[in-house]
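> Residue numbers (UniProt numbering): 1 to 463. Where is the CB? At the ideal position from N, CA and C, for every residue including glycine. A quick note: this is a predicted structure, and the numbers were derived from the prediction, not measured. Before I ask anything, here is the structure I am working with.
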Amino acid sequence: MSAPSVAAGGPGLPRGEDPVVVIGAGPAGLAAAEHLLDAGRRVVVVDGAPVVGGLSRSVERWGHRLDLGPHSFLSSSHPESVARWLDLAGAAGGVERTEAVRAAVWRGRVVGFPPRPLDVLRTAGPVTTARFALDRLRPRRPAPGTTGGSAYDALVARHGLAVVADLFVPYCRKYLGVHPRDLSPAFAHKLQGTRRGWTGPVDLLTPRAGTGAVWDELARRLRARGARVLLGTPVVGLTVAGERVTGVRCGRAGATGPEQEQTLAASAVVSSAPAAVLRRWLPGTGTSTPTPAAAPAFTARDTYLVHLRLAAGPGGGVGQNAHYVTAYDPQVRTGRLSNTRSWRPETFGRAPDTVLCAEFWSSGQDDLSARTDDQLAALAVSELPVFGVDPRVRVLDHDVLRLPRSVPVLTRGVEAARAGLDAALDRWTNLTRVGRHGTHDWDGQEDALLTGRSTGAHVLRGA
Ligand SMILES: Cc1cc2nc3c(=O)[nH]c(=O)nc-3n(C[C@H](O)[C@H](O)[C@H](O)COP(=O)(O)OP(=O)(O)OC[C@H]3O[C@@H](n4cnc5c(N)ncnc54)[C@H](O)[C@@H]3O)c2cc1C
């Protein structure tokens, strides 16, 4: 029996043609929904998760609202996004602004980041320090076999071979699972944090009620304007007629009640689901087995967040009282350790405990992914001293969050793969992709806000 087809518009919406269905209630999907409402369209947002916010949601642990990572609104490069985010955050309880103190575990020591010349001298010794300096002056050629360039070439051009070998190569292997030679040159720009500032102060803007509160507020505004936001509703496919998408299949097969499978009729679809998944939902645009050429281009990595609740007492801070410490040393399995308390000091206020977040990155098929939550937490605890955490700290509890395929990896050739996908999807005249996974880009919230508002005229019109 086929699933029932239902009119997706809510009672509060004007009657007329079918609504635009937005897949995903993360920042990009919600921004797209607002844009569609501004254009006078009826909108339904569907998400498989029980809450809005996607990767930018907040979670409640031990009486604190924690963000995943944690999160901050980092950039000022899109003034319109910044203004919109600040407006939402203001309505959601206001923000705390702190200047980031960054540190790194490098060659077994905790140093400030980027390391100052004296730190470099003390940590690497005079010979290596001289090599770092000399290398920056040498002419650089692209690495063999990388016609068209790679992130490696771009990084070497900026920092010199020796610094890249010491810092960026182990970091890329740990975080992204590849040598920077296998990454698009565009990734070098992002890895260097050019927008976030390789040097110079980095402002952290963090909502008092957690980053998720910003997206709760946006969802509240959308509902107030008549949009429907259906949560706990996973999308499993699309229906099409000719060159148009006509509906969004969602729900759980065999389920009854609100979770039962249904098709939402759609005049147009905006998707923030992963690009490769979207392709599989459409006839003639892909197969369940990606082609070898496309496979590496849409790689993504898992993030595992281990939250550790520390008792009040000595050593609640991480090395150099940093907000976060990135471990470049390959033998340290933790990628980054953050002190969530220092991100929102006023909000934590007089609370006696501290929550640290240890971040691991995984292919989803390695020894990290095979570990149980308790084993991951034990690994994180065993590595705390490397990050400068006082060994006398008492860990009261832990909590592990797994975020599958949360880090898009921009491998060399990703631009061609994106163009191929665009060409394959272009024939669907009333469909568009937005967001980090929809566009397969290593984007933050500000980009999600921007791409969400860039839905083309064809979708705005439901053409
Ligand atoms: C550990 C970590 C730390 C980060 N730190 C920062 C930071 O400090 N600052 C910053 O700006 N950004 C940060 N980011 C990035 C930020 O979270 C993302 O850029 C942002 O959330 C992307 O928004 P989005 O809407 O594109 O995607 P998402 O937030 O991933 O939302 C996509 C939504 O689509 C839903 N969805 C997907 N498939 C389906 C389906 N088939 N059916 C129904 N629903 C579906 C998902 O459930 C999800 O809710 C971080 C990301 C991670 C993983």
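From what residue to what residue does the alpha helix (DSSP H) around T129 run?
Counted from its first residue, the sequence shown places residue 129 at position 129. Where T129 is concerned, the enclosing alpha helix (DSSP H) stretches over P117 to D135.
> Buried or exposed: R394, going by 16 or more other Cβ atoms within 10 Å of its Cβ?
If you number the sequence shown from 1, residue 394 lands on position 394. So R394 counts as exposed.
> Which residues mark the beginning and the end of the alpha helix (DSSP H) in which L55 is found?
By 1-based counting over the sequence shown, the position of residue 55 is 55. Unbroken run through L55: none, as it is neither H nor E.
> Using C-beta distances below 6 Å, list every residue in its chain close to A162, excluding the 5 sequence neighbours before and after it, in chain order.
As a first step, residue 162 must be located in the sequence shown, where it is residue number 162. Closer than 6 Å at the Cβ level, and outside the excluded window around A162, lie R131, F132 and D135.
> Just checking P436 against ligand 1 - is the residue's beta carbon closer than 8 Å to any of the ligand's heavy atoms?
Position 436 of the sequence shown, counted from the first residue, corresponds to residue 436. In the sequence as displayed, the identity of residue 436 is Arg instead of Pro. Yes, the Cβ of R436 comes within 8 Å of a heavy atom of ligand 1.
> Quick one: what's got a C-beta closer than 8 Å to K177's C-beta in the same chain, skipping five residues either side?
Taking the sequence shown and counting its residues from 1, the one referred to as residue 177 is at position 177. Here the sequence assigns Gly to residue 177, which means Lys is not the residue at that position. Excluding positions up to five away in sequence, the list reads T299, R301, W361, S363 and V409.
> Measuring CB atoms only, is the region 199-219 touching the region 45-53, in the sense that at least three cross pairs come out at less than 8 Å?
Because the criterion of three Cβ pairs below 8 Å is met, the region 199-219 and the region 45-53 touch.
> Which of helix, strand or coil does DSSP assign to L410?
As a first step, residue 410 must be located in the sequence shown, where it is residue number 410. Here L410 sits in coil by DSSP.
> For a test of the three-state rule: what should DSSP assign to W361, helix, strand or coil?
Position 361 of the sequence shown, counted from the first residue, corresponds to residue 361. Strand, per DSSP.
> My output table needs one value for A32: the three-state DSSP class, helix, strand or coil.
As a first step, residue 32 is located in the sequence shown; it is residue number 32 there, counting from the start. In this structure, A32 counts as helix in the three-state DSSP scheme.
> Closer than 7 Å by C-beta to L450: which residues in its own chain qualify, once you throw out the five before and the five after it? Chain order, please.
Counted from its first residue, the sequence shown places residue 450 at position 450. Around L450: H78 and S81.
> List the residues that DSSP assigns as beta-bridge partners of W106.
Looking up residue 106 in the sequence shown gives position 106. According to DSSP, W106 bridges with R109.
> Between the beta-carbon of V355 and the beta-carbon of H323, is there less than 9 Å?
Sequence index remark: in the sequence shown, residue 355 carries index 355 (1-based). Sequence index remark: in the sequence shown, residue 323 carries index 323 (1-based). No, these two residues do not count as a Cβ contact at 9 Å.
> Please tell me whether T206 and V127 are closer than 9 Å, where the distance is taken between their beta carbons.
Position 206 of the sequence shown holds residue 206. Position 127 of the sequence shown holds residue 127. Against a cut-off of 9 Å, the Cβ pair of V127 and T206 comes out as no contact.
> Less than 8 Å between the CB of C172 and some heavy atom of ligand 1, yes or no?
Within the sequence shown, numbered from 1, the residue matching residue 172 stands at position 172. Outside the cutoff, so no.
> In the DSSP output, which residue or residues are listed as bridge partners for C172?
Residue mapping note: residue 172 aligns to position 172 of the sequence shown, counting from 1. According to DSSP, which records beta bridges pairwise, C172 is partnered with nothing at all.
> Helix, strand or coil for Q375? Go by DSSP, reduced to three states.
Here residue 375 refers to the residue found at position 375 when the sequence shown is read from its first residue. Three-state result, Q375: helix.
> On the CB-based measure, 16 or more other CB atoms within 10 Å of its CB, does N321 come out buried or exposed?
The count along the sequence shown starts at 1 and reaches residue 321 at position 321. When all chains shown are included, N321 counts as exposed.
> Start and end of the beta strand (DSSP E) containing V332?
Position 332 of the sequence shown, counted from the start, is the residue given in the question as residue 332. It is not in any beta strand (DSSP E) - V332 carries neither H nor E in the DSSP assignment.
> Within this structure, are the beta carbons of S267 and P19 separated by less than 9 Å?
Position 267 of the sequence shown, counted from the start, is the residue given in the question as residue 267. Position 19 of the sequence shown, counted from the start, is the residue given in the question as residue 19. In this structure, P19 lies closer than 9 Å to S267 by Cβ.
> Do T432 and R244 have their C-beta atoms within less than 9 Å of each other?
Locating residue 432 in the sequence shown gives position 432, counting from the first residue. Locating residue 244 in the sequence shown gives position 244, counting from the first residue. Not closer than 9 Å, so no.
> Can you give me the C-alpha to C-alpha distance between V414 and R102, rounded to a whole angstrom?
Position 414 of the sequence shown, counted from the first residue, corresponds to residue 414. Position 102 of the sequence shown, counted from the first residue, corresponds to residue 102. If you take the alpha carbons of V414 and R102, they lie about 30 Å apart.
> Between the alpha carbons of D373 and R42, how many angstroms are there, rounded?
As a first step, residue 373 must be located in the sequence shown, where it is residue number 373. As a first step, residue 42 must be located in the sequence shown, where it is residue number 42. Rounded to whole angstroms, D373 to R42 spans 43 Å at the Cα level.
> Apart from the five residues on each side of it in sequence, which residues of its chain come closer than 8 Å, Cβ to Cβ, to P170?
As a working note, residue 170 is residue 170 in the sequence shown. Cβ within range, chain order: Y328, D329 and P330.
> Is the beta carbon of E261 within less than 8 Å of some heavy atom of ligand 1?
Residue mapping note: residue 261 aligns to position 261 of the sequence shown, counting from 1. For ligand 1, not one heavy atom lies less than 8 Å from the Cβ of E261.
> On the criterion of 16 or more Cβ atoms from any shown chain inside 10 Å, does residue 467 qualify as buried, or is it exposed?
Outside the displayed range of the chain (1 to 463) lies residue 467, so it cannot be described from this structure.
> Is DSSP giving T289 helix, strand or coil here?
Start at 1 with the first residue of the sequence shown, and residue 289 comes out as number 289. At T289, the pLDDT of 42 sits below 50, so the modelled position is not reliable and the matter cannot be decided from this model.
> For R57, I'd like the list of residues in its chain whose CB is within less than 6 Å of its CB, leaving aside the five on either flank, ordered along the chain.
The residue you call residue 57 lines up with position 57 of the sequence shown. Only V51 and G212 meet the Cβ criterion.
> Can you tell me whether G438 is buried or exposed, with buried defined as 16 or more other CB within 10 angstroms of its CB?
Against the sequence shown, residue 438 aligns to sequence position 438. Buried.
> Going by the CB atoms, is the gap between G48 and G232 shorter than 9 Å?
Counting from 1 along the sequence shown, the entry for residue 232 is found at position 232. Counting from 1 along the sequence shown, the entry for residue 48 is found at position 48. Yes, Cβ-Cβ distance for G232 and G48 is below 9 Å.
> For C250, which residues from the same chain have a beta carbon less than 7 Å from its beta carbon, with the 5 sequence-adjacent residues on both sides left out?
As a first step, residue 250 must be located in the sequence shown, where it is residue number 250. Same-chain partners within the cutoff: V46, T233, P234, V235, V236, Q262 and L264.
> Since F73 sits in a beta bridge, which residues does DSSP pair it with?
Residue mapping note: residue 73 aligns to position 73 of the sequence shown, counting from 1. F73 pairs with L205.
> Using a threshold of 9 Å, state whether the C-beta atoms of D203 and L88 are closer than that.
Position 203 of the sequence shown holds residue 203. Position 88 of the sequence shown holds residue 88. No.
> According to DSSP, is T347 part of a helix, a strand, or is it coil?
By 1-based counting over the sequence shown, the position of residue 347 is 347. Residue state, collapsed to three classes: helix.
> Taking the alpha carbon of A100 as the reference point, which residue from A157, V277 and P114 has its own alpha carbon closest?
Start at 1 with the first residue of the sequence shown, and residue 100 comes out as number 100. For the residues A157, V277 and P114, the minimum Cα distance to A100 belongs to P114.
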